[in-house]
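This report concerns only the one structure given below.
Chains as they are written, first to last, in my numbering: chain A, 253 to 365; chain B, 35 to 147.
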């Protein structure tokens, strides 16, 4: 059974720092890995989707990498801002006939001015 | 563009009552799904649908029923509510979960007394 772990569980940094959030998964047979952002009391917003054949995706100040062989993905946030404060979740979509993703428990990020 | 709309936003039930959580999307997505989010557990898939008339079980389907009569709507029914079903419920949709990002609603916060 796929297991997804996110480290750290919580992070508090001053504005302007470059950040790395980690996501590890136990089964490398995945279709894709997705990173989401969740604001308090809200649903999830998709940030980046990395296909199994890709190594990284970029959107603005965000860059996500995928290393299937080691079972790891990282989300890099450049020049963090207070507006980046949220919980970040990763989800692994396993290969096979099902469409059942496995979510990590998230990293709660606070960026203070 | 409304995206994914969930109603109600909040609901309190008594043990044994039944209710239906509504989910509608206006993006013509074939794939729709229901998750529950509990503290310390991450998101877990309840049921999903790959198109009108087709549904399947996710990771935690017991106590819930779904049907998909149209592309737009995917209601979730609690047959006999139990305190263990107290949670935040999210509906999501996508063109294809294998290579397209999922779009989430803002959730329904359900308390069962």
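Idealized CB from N, CA, C, for every residue including glycine. Just so we're clear, the structure is a prediction, and the values are computed from it rather than from any experiment.
- Nearest neighbour of residue 63 of chain B by Cα position, chosen from B:72, B:74, B:37, B:120, turns out to be B:37.
- The CB of residue 60 of chain B never comes closer than 9 Å to any CB in chain A; the least such distance is about 16 Å.
- For residue 93 of chain B, the chain A residues whose C-beta falls within less than 7 Å of its own C-beta are 352, listed in chain order.
- Taking the CA atoms as reference points, residue 53 of chain B sits about 12 Å from residue 100 of chain B.
- The beta carbons of residue 344 of chain A and residue 258 of chain A sit about 11 Å from each other, so the pair does not count as a contact at 8 Å.
- Note on geometry: alpha-carbon atoms of residue 286 of chain A and residue 296 of chain A lie some 11 Å from one another.
- A check of alpha carbon separations from residue 93 of chain B across B:70, B:46, B:45, B:79 identifies B:79 as the nearest.
- In this structure, the CA atom of residue 89 of chain B is about 30 Å from the CA atom of residue 292 of chain A.
- Contact annotation, residue 338 of chain A with residue 318 of chain A: C-beta distance approximately 21 Å; criterion of less than 8 Å not satisfied.
- Short of 6 Å from the beta carbon of residue 85 of chain B, and not among the five residues preceding or following it, lie these beta carbons of its own chain, in chain order: 64.
- Within the same chain, Cβ atoms closer than 6 Å to the Cβ of residue 301 of chain A are found at 284, 286, the five residues on either side in sequence being excluded.
- Residues of the region 283-295 of chain A that bring their beta carbon within less than 9 Å of a beta carbon in chain B comprise 283, 284, 286, 288, 290, 293, 294, 295, in sequence order.
- Secondary structure at residue 292 of chain A: coil, using DSSP grouped into helix, strand and coil.
- Residue nearest to residue 120 of chain B within the set B:102, B:72, B:98, B:77 is B:72 (criterion: CA-CA distance).
- For the pair residue 260 of chain A and residue 288 of chain A, the Cα-to-Cα distance works out to about 16 Å.
- Taking a Cβ-Cβ threshold of 7 Å, none of the residues of chain B is close to residue 273 of chain A; the smallest such distance is about 15 Å.
- The DSSP-derived three-state label of residue 60 of chain B is coil.
- In the three-state reduction of the DSSP assignment, residue 119 of chain B falls in the helix class, which pools H, G and I.
- Residue 335 of chain A carries a helical assignment under DSSP once its states are collapsed to helix, strand and coil.
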